[in-house]
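*Asks:*
Numbering (this note's numbering), first residue to last: 2 to 295.
(1) Run the CB neighbour count on residue 286, radius 10 Å, all protein chains shown included, and call it buried at 16 or more, exposed below.
(2) Should residue 271 go down as buried or exposed, given a rule of 16 or more other Cβ atoms within 10 Å for buried?
(3) Take residue 151 and list the residues in its own chain whose beta-carbon comes closer than 8 Å to its own, dropping the five residues that flank it on each side.
(4) Could you tell me if residue 187 is buried or exposed, where buried requires 16 or more neighbouring beta carbons within 10 angstroms of its beta carbon?
(5) Helix, strand or coil: which one does DSSP assign to residue 105?
(6) Which of the three DSSP states, helix, strand or coil, is assigned to residue 161?
(7) Does residue 132 come out as helix, strand or coil in the three-state DSSP assignment?
(8) Under a Cβ-count criterion, where at least 16 other Cβ atoms within 10 Å of its own Cβ denotes burial, should residue 289 be classed as buried or exposed?
(9) Can you look up residue 227 in the DSSP assignment and give me helix, strand or coil?
(10) Measure the alpha-carbon distance for residue 282 versus residue 256 and round it to whole angstroms.
(11) Looking only at DSSP bridge pairs, what is residue 221 linked to?
(12) On the CB-based measure, 16 or more other CB atoms within 10 Å of its CB, does residue 1 come out buried or exposed?
(13) Residue 329 and residue 194 look like a contact to me (Cβ under 8 Å); what is the Cβ gap, rounded to whole Å?
(14) Cβ of residue 169 within 7 Å of Cβ of residue 105?
(15) Under DSSP, the alpha helix (DSSP H) around residue 71 begins and ends at which residues?
(16) Just mark residue 263 as buried or exposed, buried being the case when its beta carbon has 16 or more other beta carbons within 10 Å.
(17) Closest to residue 191 by CA distance: which of 280, 185, 204, 90 is it?
(18) DSSP has residue 89 in a bridge; who is on the other side?
(19) With residue 142 as the anchor, note down where its beta strand (DSSP E) starts and where it stops.
(20) Please name the residue, chosen from 213, 139, 273, that lies closest to residue 87 on a Cα-to-Cα basis.
(21) Going straight from the alpha carbon of residue 130 to that of residue 92, what length do you get?
(22) Return the CA-CA distance between residue 211 and residue 266, expressed in angstroms with no decimal places.
(23) Could you pull the start and end residues of the beta strand (DSSP E) that residue 201 belongs to?
(24) If you count every other CB in all the chains shown that lies within 10 Å of the CB of residue 121, and 16 or more means buried, which is it?
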């Protein structure tokens, strides 16, 4: 019976060594005593991969920063705890362990079931799929002149080049929701993954509801960070979800209303006391002791 090899044994052919006085064996056998390690241990981590590259198109401008802040501030799903959601903007998303240097950089995205860092030293440099194990639930792209065609899936993948954003979100990561907002045309487009393809969501009122989050996303006209415009913002069944400044303003208004109510009550009590004093004074003027009335 010939020699058997276990599943971790590798046999490699050897080539003759020129001018060697020793005979060359035909094969050398090497043994791997441990099973292969998982990608989380062997693949590059966010500390190994670039977090930014110079010369990229579509780098964030002032609008991108303000809009991303508003999305994060107002994203408050009632069926998820804050520590169960990761909200990030302009963070490299590494998506393919076979090509570990390939990445996309969404303007804003949400990951469910993954928590954000609570310590400064733990803040992510990038989001690495083979380390995190969870793909984004929703991606938002804010159209720029240099990225519009790729954001809308209107470009074809070049030979021997990374796939387009659309292909990554739709076919590789299978992101359930993809949202594109063009502030130059005030145009909002949203797509839902149906099977293997994105289908457009009708937006007659420039907003749509996500049952999974018990929230909606739509365009809101207003002022945020001292800038007035048409912004992409989250809402619930009742109203637009408040920012921290709006929440503080509401608290101040409630406190002021309570102060005014207490002042009215104090004034009413004072008026009642004055009326009682006048009545007592009148009774005394008539020879009646108000403290000993029958």
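The C-beta atom is built at its ideal place from N, Cα and C for all residues, glycine as well.
*Replies:* By the coordinates alone:
(1) Counting from 1 along the chain shown, the entry for residue 286 is found at position 285. With fewer than 16 other Cβ atoms within 10 Å, it is exposed.
(2) Residue numbering aside, residue 271 sits at position 270 when the chain shown is read from its first letter. Answer is exposed; the Cβ neighbour count stays below 16.
(3) For the purposes of this step, residue 151 is taken as the residue at position 150 of the chain shown. Correct list, in chain order: 165, 166, 167.
(4) In the chain shown, residue 187 corresponds to position 186, counting from 1. Counting Cβ neighbours within 10 Å, residue 187 comes out exposed, since fewer than 16 surround it.
(5) The residue given as residue 105 occupies position 104 in the chain shown. The answer is strand: DSSP assigns residue 105 an E or B state.
(6) In the chain shown, residue 161 corresponds to position 160, counting from 1. Reduced to three states, the DSSP call for residue 161 is coil.
(7) Mapped onto the chain shown, residue 132 falls at position 131. In this structure, residue 132 counts as helix in the three-state DSSP scheme.
(8) If you number the chain shown from 1, residue 289 lands on position 288. Result: exposed.
(9) Here residue 227 refers to the residue found at position 226 of the chain shown. Looking at residue 227 - three-state DSSP - the assignment turns out to be coil, as it is neither helix nor strand.
(10) Residue 282 sits at position 281 when you count from the first residue of the chain shown. Residue 256 sits at position 255 when you count from the first residue of the chain shown. Using only the alpha carbons, I get a separation of about 39 Å.
(11) Looking up residue 221 in the chain shown gives position 220. In the DSSP output, where bridge partners are listed per residue, residue 221 has 232.
(12) Here the chain has residues from 2 to 295 only, and residue 1 is not among them.
(13) Outside the displayed range of the chain (2 to 295) lies residue 329, so it cannot be described from this structure.
(14) For this step, residue 169 is matched to residue 168 along the chain shown. For this step, residue 105 is matched to residue 104 along the chain shown. Yes. Within cutoff.
(15) Counted from its first residue, the chain shown places residue 71 at position 70. Taken as a continuous stretch (DSSP letters only), the alpha helix (DSSP H) holding residue 71 covers 63 to 75.
(16) Taking the first residue of the chain shown as position 1, residue 263 is located at position 262. Residue 263 should be labelled exposed.
(17) Position 190 of the chain shown holds residue 191. Out of 280, 185, 204, 90, 204 has the C-alpha closest to the C-alpha of residue 191.
(18) In the chain shown, the residue the question calls residue 89 occupies position 88. Residue 89 pairs with 110.
(19) As a first step, residue 142 must be located in the chain shown, where it is residue number 141. Per DSSP, residue 142 belongs to the beta strand (DSSP E) from 139 to 143.
(20) Numbered from 1 along the chain shown, position 86 holds the residue referred to as residue 87. Closest by alpha carbon: 139.
(21) Indexing the chain shown from 1 puts residue 130 at position 129. Indexing the chain shown from 1 puts residue 92 at position 91. Their backbone Cα atoms lie some 13 Å apart in a straight line.
(22) Residue mapping note: residue 211 aligns to position 210 of the chain shown, counting from 1. Residue mapping note: residue 266 aligns to position 265 of the chain shown, counting from 1. Each residue's alpha carbon lies about 45 Å from the other.
(23) For the purposes of this step, residue 201 is taken as residue 200 along the chain shown, with counting starting at 1. That run of the beta strand (DSSP E) goes 198 to 201.
(24) By 1-based counting over the chain shown, the position of residue 121 is 120. Result: exposed.
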